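Enquirer: My structure is below; once you've seen it, I'll send some questions.
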Ligand SMILES: Nc1ncnc2c1ncn2[C@@H]1O[C@H](COP(=O)(O)OP(=O)(O)O)[C@@H](O)[C@H]1O
Ligand SMILES: [Mg+2]
């Protein structure tokens, strides 16, 4: 009896150890895949395929009773990786914001103002709200790129693109939701590209209150505004403490927009802020991700308006590789074949190289302390 119970105890311990190793390995990939990756299901599957190895010969039995084995597996020890994605939007976790969008049914539809492409607002039956960009006749606006921008923003630890997922709805559901809005119905009919009765698109979590971006009394995108923040972002400049946070966000925005190739940021209404002026939102990225690895002169111009950057963001860009991009873009793809094509991913890496060459040139001239002056 005693021999039998010892074998049983050791078999349990063996399964627990193997299970713990499997959890550790799967958690690394799950961290990259992020929201929507359902890591708990991975764990359950992995645990099930580890056999208890009943045919192995029993090891010699020690006369001393083994220490009691806890039946509960210890939590996986995940080393803190400074380069792991951060799934947060201006400090709050993304997934609670996205969860109601994943399951809601659209009940009300309205057309958003302010742009040249088709952007709508959806209210859901569960009370959630989102901005919706569908596949549309304005070919320059491609919804999958908004989701790609969101996921690359989190991979780089920036946290300023509103959380986004790819979705697909029966066209009838959207038409019913637009029942009381003739303009929305007409735009659905004339400007969208449904496939087999369904309309693909992206949802971005709806920011309840937005205001135009200002620095002091000047609009961020006005000549006066640009002159001000450009002066403060020169290498070695002294930034007034009350403008420091905004200058850091503008610097990150310029670097991000160059890497993702967003030429639309400064054309109007795409550099908005929170009501209290503390958070800059990196919104409307559907025009990004051109295939030119050298980048666009418009985004280069804005990048060159900054000579001061975040040390952490530059480190993440240096560490960025194709495998990380592929992993982070593999979740929440909806009915799209992929969020980015291979050529678009290559171009991101090419622009990353060019951005780092610019930063390294500044470091050679001004010294690292002045160029990588933001944390
Ligand atoms: N996630 C969002 N939260 C709140 N308002 C939004 C959101 N997305 C878009 N909007 C509103 O809709 C307008 C148009 O959206 P935008 O994404 O800029 O599309 P367009 O391509 O038409 O410029 C924005 O200026 C903003 O007022
Ligand atoms: Mg816009």
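Residue numbers (this note's numbering): 1285 to 1659. For every residue, glycine included, the Cβ atom is placed at its ideal position computed from N, Cα and C. Since this is a predicted model, take the numbers as computed values, not measurements.
Counting Cβ pairs, one atom from each stretch, are 3 or more of them under 8 Å apart for the stretch 1427-1447 and the stretch 1367-1376?
Expert: Cβ pair count under 8 Å is three or more, so yes.
Enquirer: Could you name the residues, in chain order, whose CB is less than 6 Å away from a heavy atom belonging to ligand 2?
Expert: 1398, 1399, 1553, 1554 and 1568
Enquirer: By DSSP's criteria, residue 1489 is part of a beta bridge. Which residues make up the other side?
Expert: The count along the chain shown starts at 1 and reaches residue 1489 at position 205. Beta-bridge pairing links residue 1489 to 1414.
Enquirer: Closest to residue 1538 by C-alpha separation, out of 1401, 1639 and 1427, would be which residue?
Expert: As a working note, residue 1538 is residue 254 in the chain shown. Nearest option by C-alpha distance: 1639.
Enquirer: Determine, using beta carbons only, whether residue 1518 and residue 1588 come nearer to each other than 8 Å.
Expert: Taking the first residue of the chain shown as 1, we reach residue 1518 at position 234. Taking the first residue of the chain shown as 1, we reach residue 1588 at position 304. Against a cut-off of 8 Å, the Cβ pair of residue 1588 and residue 1518 comes out as no contact.
Enquirer: Please say whether residue 1623 and residue 1606 have beta carbons closer to each other than 8 Å?
Expert: Position 322 of the chain shown holds residue 1606. Position 339 of the chain shown holds residue 1623. Against a cut-off of 8 Å, the Cβ pair of residue 1623 and residue 1606 comes out as no contact.
Enquirer: Do you know offhand how far residue 1395's Cα is from residue 1461's?
Expert: Taking the chain shown and counting its residues from 1, one reaches residue 1395 at position 111. Taking the chain shown and counting its residues from 1, one reaches residue 1461 at position 177. Straight across, the Cα-Cα distance linking residue 1395 with residue 1461 is about 12 Å.
Enquirer: Looking at ligand 1, does it come within less than 7 Å of residue 1546, judged from the CB to the closest heavy atom?
Expert: For the purposes of this step, residue 1546 is identified with residue 262 of the chain shown, where counting begins at 1. No, the Cβ of residue 1546 stays beyond 7 Å of every heavy atom of ligand 1.
Enquirer: For residue 1477, which residues of its own chain have a beta-carbon under 7 Å away from its beta-carbon, when the five flanking residues on both sides are left out?
Expert: To locate residue 1477, count along the chain shown from 1; it is residue 193. Around residue 1477: 1419, 1420 and 1421.
Enquirer: Ignoring anything shorter than 3 residues, give me the beta strand (DSSP E) runs that lie fully in the stretch 1447-1471, in order along the chain.
Expert: 1448-1454
Enquirer: Do you know how far the Cα of residue 1482 is from the Cα of residue 1456?
Expert: As a working mapping, residue 1456 is identified with position 172 in the chain shown. As a working mapping, residue 1482 is identified with position 198 in the chain shown. Residue 1456 and residue 1482 have their C-alpha atoms some 8 Å from each other.
Enquirer: Leaving aside the five residues before and after residue 1413 along the sequence, list all residues of the same chain whose C-beta is less than 6 Å from its C-beta, in chain order.
Expert: For the purposes of this step, residue 1413 is taken as the residue at position 129 of the chain shown. Excluding sequence neighbours, residue 1413 sits near 1407 and 1490.
Enquirer: Is residue 1372 helix, strand or coil by DSSP?
Expert: Numbered from its first residue, the chain shown carries residue 1372 at position 88. Residue state, collapsed to three classes: strand.
Enquirer: For residue 1550, is the beta carbon positioned less than 7 Å from some heavy atom of ligand 1?
Expert: As a position in the chain shown, residue 1550 is number 266, starting the count at 1. Because no heavy atom of ligand 1 lies under 7 Å away, the Cβ of residue 1550 does not count as near it: no.
Enquirer: Give the straight-line distance between the Cα atoms of residue 1480 and residue 1428, rounded to the nearest whole angstrom.
Expert: As a position in the chain shown, residue 1480 is number 196, starting the count at 1. As a position in the chain shown, residue 1428 is number 144, starting the count at 1. Rounded to the nearest angstrom, the gap between the Cα atoms of residue 1480 and residue 1428 is 19 Å.
Enquirer: Who pairs with residue 1393 in a beta bridge, going by DSSP?
Expert: By 1-based counting over the chain shown, the position of residue 1393 is 109. The bridge partners DSSP lists for residue 1393 are 1406.
Enquirer: I want to know whether the stretch 1527-1545 touches the stretch 1573-1582 - three or more CB-CB distances under 8 Å.
Expert: yes
Enquirer: So, for residue 1655: in the same chain, excluding its five sequence neighbours on each side, which residues have a beta-carbon less than 8 Å away from its beta-carbon?
Expert: Numbered from its first residue, the chain shown carries residue 1655 at position 371. Excluding residues within five positions, the ones whose Cβ falls inside 8 Å are 1519, 1591, 1592, 1593, 1643, 1646 and 1647.
Enquirer: Tell me whether the beta-carbon of residue 1564 lies closer than 8 Å to the beta-carbon of residue 1533.
Expert: Walking along the chain shown from the start, residue 1564 turns up at place 280. Walking along the chain shown from the start, residue 1533 turns up at place 249. A contact, by the Cβ cut-off of 8 Å.
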